[in-house]
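FYI, in UniProt numbering the residues of the sequence shown are 1 to 98.
Every residue gets a Cβ at the ideal spot worked out from N, C-alpha and C, and that includes glycine.
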Amino acid sequence: MGRDLSAYREVAVESFDDRGTVRVRPMVGQAYHPLLRVQCARAFVTDYPVGTRFLVHAKLTDRLGGPPFLYVYHGDPVVVLTTAQASKFLAEFRRGRI
Numbered sequence: 001m002g003r004d005l006s007a008y009r010e011v012a013v014e015s016f017d018d019r020g021t022v023r024v025r026p027m028v029g030q031a032y033h034p035l036l037r038v039q040c041a042r043a044f045v046t047d048y049p050v051g052t053r054f055l056v057h058a059k060l061t062d063r064l065g066g067p068p069f070l071y072v073y074h075g076d077p078v079v080v081l082t083t084a085q086a087s088k089f090l091a092e093f094r095r096g097r098i
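As structure tokens, then:
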């Protein structure tokens, strides 16, 4: 069975240094809190410098009742955002909110 694409949303995420470990989090200004964990392909943290911004398709999920997190399918292409592209995406998101 294939992925349910209707459950996925475009989310701007960024890598950051979490006390020596590189992790990925949602950028500020979206529907998701920046402390929410993001599970994604290892390439996001190994192939790009800390602070790189990405545009991903993610869905909110949990693992057997555990804490919620954003899941990014590992087979999706990696889309790197420039600072201008990230600002434009976040501005469009804010305009689209109800």
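Going by other Cβ atoms of all chains shown within 10 Å of its Cβ, with 16 needed for buried, is residue i buried or exposed?
i	result
residue 53	buried
residue 101	An answer regarding residue 101 cannot be provided, because it is not within the stretch 1 to 98 covered by the chain.
residue 86	buried
residue 26	buried
residue 81	buried
residue 72	buried
residue 70	buried
residue 79	exposed
residue 24	buried
Determine the extent of the alpha helix (DSSP H) in which residue i is found, giving its start and end residues.
i	result
residue 28	Premise fails: residue 28 is in no alpha helix (DSSP H) and is neither H nor E.
So what's residue i in DSSP terms, helix, strand or just coil?
i	result
residue 7	helix
residue 37	coil
residue 23	strand
residue 17	strand
What alpha helix (DSSP H) runs, 4 residues minimum, are completely inside the stretch 43-96?
Note on the stretch 43-96: whole alpha helix (DSSP H) runs with a minimum of 4 residues are 43-46 and 83-96, in chain order.
Check whether the stretch 6-23 touches the stretch 55-65, counting contact only when three or more Cβ pairs, one atom from each stretch, lie closer than 8 angstroms.
As far as the Cβ criterion goes, the stretch 6-23 touches the stretch 55-65, which means the pair count is three or higher.
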